[in-house]
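Note sheet for the following structure.
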Amino acid sequence: MNLAFTQEQTELRRTVRDFLDKTSPEAEVRRLMETADGYDPDVWRQLAGELGIAGLTLPEEYGGAGCGFVELGVVLEEAGRSLLCAPVLSTVVLAASTLLGLGDDAACHDYLPGIADGTTLATLALTEAAGRWDDADGITATAARDGQDQGRGWTVSGRKAFVLDGHTASLLLVVARTGAGLSVLAIDAGAPGVHRVPRATLDQTRRQADITFTAAPARLLGEEGAAWPVLERVLDLAAVAVAAEQVGGAARVLDMAVDYARTRVQFGRPIGSFQAVKHKLADLHLGVESARSAAYHGLWTAAGDLPDLPLAASLAKACCGDAYVTAATENIQVHGGIGVTWEHPAHLYLKRAHSSRQLFGHPAHHRQRLARYVLAEQAATASPA
Amino acid sequence: MQHSSAPAPGSTAGGPAQFEGRAQFEGRVREWFGANAPRKGSPEDFSAVHVVSARSPQEYHEQEEHAITVTRAWQRRLFDAGLAGRSWPAECGGHGAPDWQDEVVAAEQARWGVSTKMFAVALEMVPAVLFGHGTHEQRVAYLPPVLRGEHGWCQLLSEPGAGSDLASVSTRATPMDGGWSVTGQKVWTSNAGCSDYALLIARTGSREEGRAGLSCFALKMEQPGIDIRPLRQMSGAYHFNEVFLDNAFVPENGLIGGLGDGWAVLRTMLASERAAIGGGTSARSATQLVGLARQLGCSDDPGVRDLLAQAVIRERTLDLLRARIAAGHTVPAAGPTTKLLYSEHARLSADAATTILGMAVTLVDDPQSAPWIERLLFAPGLRLGGGTDEIQRNTIAERGLGLPR
Ligand SMILES: Cc1cc2nc3c(=O)[nH]c(=O)nc-3n(C[C@H](O)[C@H](O)[C@H](O)COP(=O)(O)OP(=O)(O)OC[C@H]3O[C@@H](n4cnc5c(N)ncnc54)[C@H](O)[C@@H]3O)c2cc1C
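Sequences listed follow chains D and F, in order.
Mapping of the first sequence onto my numbering: position 324 corresponds to residue 573, and the numbering continues sequentially without gaps.
Mapping of the second sequence onto my numbering: position 255 corresponds to residue 380, and the numbering continues sequentially without gaps.
Right, here's the structure in full:
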């Protein structure tokens, strides 16, 4: 695998960074944290329109740019660096990948162009009260045919929790159970029987909602009962995506800590000249570069549609989730008292680090999964000699 | 020993282009290794000759001689197959091919678990130093025998009073007729007893000049003024030595770089050493840990699985980091970064093995635990040799991150 960025990808990074430096500086992040919706519709329109981010990985026939996961990763790394408050993960990663993965042409034609042009915000409603991403058997929401619409209509009932951007998404892709197994159904967020409760999130830069469905009218996507394998892949893609975002955040807090250590003077010298501080930062550097390597490998694996995506996803998520939390934690330590104030941005990154570590499986979960894959891999292949 | 009838991958005769593409080269290298790499358990198997411990310096010396003989023979076969020094210029015995070809060969060596590690100084540090600071005559004289597996090299740097602080080296080189006379004491010299030459750092200026008073030399090891005394390591191996130099002779053309340029040469040498250790064909300890857990039937234990996964994460991310560096990504202080990650990986994996092995690790004569005990006792040295972990962290912080000294 050749992990070199193309010139276009490097240019994309520069463009996105310039854009986010202007539209997502700390003051703007703090302003949006206090708003009800938690994102800026104008910025989203620009991201979708001028930068083409919303449709970046969507095929051209649906109004997308037809790029791959590496490009999306570049965007997410930059978004993580600036704590961009926008529905990228929910709409572009979760919802769009689910729609594409289900292979329901009609639904793709109906929904994806709206996602690509920025007019539709969408999300995946998978998790329930237990907050587990991997527990297919634990999903209790149900779907039933309702006889309406010449027998093609469905209704969904149940409670979903931890739904990313569930308060603002207009299109909800809901995972529900029928006798045939798990399916994904599209529900208009404004439909009767949909009740959304925004939650107060630790990370105010990324919101969640609880959503209750009471016989809400729904449209079955793809084949009934066949959703889980598709969702497993979506979750792997999401793990890789969030890993790229985590790398951006982790690298940013390391920069922050290094800059501070160079300038803060105690005992007549910069604190960065003390070895205790130097060695802490050197260790964070190891963590960030390891995490970046794992995340990029995940991106390239996803882009190439390679069969070891589950392994690459767990490697990336396990590594990046912890690296980010460590970097964000130690950044505060290096800053001393100012690091624990509300005024200082350090806590914003710590909160993002902790909440994103939980998304799509904690590192401890991914380590178990990784071990399972590696054990199976070794059982299957003899060593060359 | 079975020899392949497959064409040597390095041979360009009859080939359409001078250097084929990566995939094609990889394919040919794989094929050659498939036919020629020593089989596990065969007399040429490198893992079988790996020097573990010895009851006496003599016994160790015999093992070392055997290991070096096998390494020389293997290096010679690589050379004959056109696989040695792919990126080195033709007049130095190489092929002038792009750097990635060396990586392909190294990766295949790692895959087969065969190693030229005993020749690491000769194959990695010597060319770095000579291409960076040597004369054309020195390259042509010293490099081809290295590629042919004829000359092993060691490094005479550390002294009792100069470890991390190499600027305080006090071994002295005094000008004499036709060259220099060298007197002083070196210590921790790996493989001194089986090396033909040494890269030597000695003082040619005054003590007060510090690093500006140092010069680098190529010293022939077989001569009257050199006394080598093996030191026993905690593993039981006599891998490193004290070397006493008493009017040892270096001819005029043995000075590498200018007089007083020793510090610059040393920096090149240490950088290539770090890159070699951090970027080299590391032992696949994660893979082997997974195998160990399977053999012991404890691979279903969630705690064990977590240890395995952590080892896999360390090993794969380090491999991927090397791949990124090779692909041209900017990684601040890349050498110290990979070296430090590697020494941490070695330490933590050996520690994980002790958890998985349980009581068996208390027995050196248990065949399952023996290789892990070797690693357990080897890991502390990895954290020191080639610059200590602390020195690597200093370098990362100061040169990589730009923190003040
Ligand atoms: C297995 C092995 C093989 C070796 N092979 C060779 C060889 O072939 N040739 C050769 O010349 N040498 C060799 N060495 C020597 C090696 O390079 C030195 O051991 C190493 O540089 C440390 O020097 P020292 O042992 O004198 O320890 P010291 O420099 O005395 O260090 C002792 C402790 O103090 C710490 N310390 C020192 N300075 C600082 C600082 N500035 N900041 C923070 N901490 C510091 C160190 O990290 C270490 O923990 C080998 C060593 C080993 C273990």
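Quick reminder that beta carbons are idealized off the backbone N, C-alpha and C, glycines included.
Taking the Cβ of I402/F as the reference point, every heavy atom of ligand 1 lies at 8 angstroms or farther away. Its Cα nearest to that of H611/D, the residue Y573/D stands out among L530/D, Y622/D, Y573/D. Beyond the five residues adjoining it in sequence on each side, E472/D comes within less than 6 angstroms, by CB distance, of no other residue in the same chain. Annotated three-state conformation of D302/F is coil, per DSSP. In this chain, the beta strand (DSSP E) harbouring N372/F covers 365-376.
C-alpha of G379/F to C-alpha of E440/F: approximately 40 angstroms in a straight line. Closer than 7 angstroms at the C-beta level to chain D, one finds these residues of the segment 223-237 of chain F: R236, W237.
Boundaries of the beta strand (DSSP E) around H444/D: 443-447. Less than 9 angstroms divides the Cβ of A544/D from the Cβ of V496/D. For L434/D, the secondary structure class from DSSP, reduced to helix, strand or coil, is strand.
Exclusion of Q495/D from the 8 angstroms shell around ligand 1 follows from its C-beta lying no nearer than that to any non-hydrogen atom of the ligand.
Look at the segment 531-562 of chain D: the residues with a C-beta under 8 angstroms from a C-beta of chain F are A531, D532, H534, L535, E538, S539, A540, R541, S542, A543, Y545, H546. At least one beta carbon of chain F lies nearer than 9 angstroms to the beta carbon of S522/D.
Straight across, the Cα-Cα distance linking E320/D with E494/D is about 12 angstroms. For P492/F, no Cβ of chain D is located within less than 9 angstroms of the residue's own Cβ. When rounded, the separation of the alpha-carbon atoms in L465/F and L413/D is 39 angstroms. Here the segment 303-313 of chain F lies against the segment 362-376 of chain F, with 3 or more beta-carbon pairs under 8 angstroms apart. Here DSSP, grouped into helix, strand and coil, assigns T520/F to helix. Residues of the segment 389-418 of chain D with a C-beta less than 7 angstroms from any C-beta of chain F: none at all. Residue range 278-281 is occupied by the beta strand (DSSP E) that includes Q280/F. For D459/D, the enclosing beta strand (DSSP E) has its first and last residue at 457-470.
Boundaries of the alpha helix (DSSP H) around T264/D: 256-272.
A253/D reaches chain F at A452, G453, counting residues in chain order whose Cβ is nearer than 7 angstroms. Within the model, the alpha-carbon separation for A465/D versus P447/D is close to 19 angstroms. Taking a Cβ-Cβ threshold of 9 angstroms, the residues of chain D close to N519/F are Q524, K527, H528, A531, in chain order. Closest in alpha carbon position to P163/F, among S240/F, H220/F, V230/F, is S240/F. A distance below 9 angstroms separates the beta carbons of V483/D and L343/D. The alpha-carbon of A253/F is positioned some 14 angstroms away from that of A323/F. When Cβ-Cβ separations below 9 angstroms define contact, A434/F makes contact with chain D.
Separation of Q226/F and E626/D (C-alpha to C-alpha, rounded to the nearest whole angstrom) is 28 angstroms. Contact check between the segment 569-587 of chain D and the segment 505-525 of chain D: three or more CB pairs, one atom from each, fall below 8 angstroms, which counts as touching.
When the beta-carbon positions are compared, L624/D and R409/F stay at least 9 angstroms from each other. For P556/D, same chain residues with a beta-carbon under 7 angstroms away, outside a window of 5 residues either side, do not exist.
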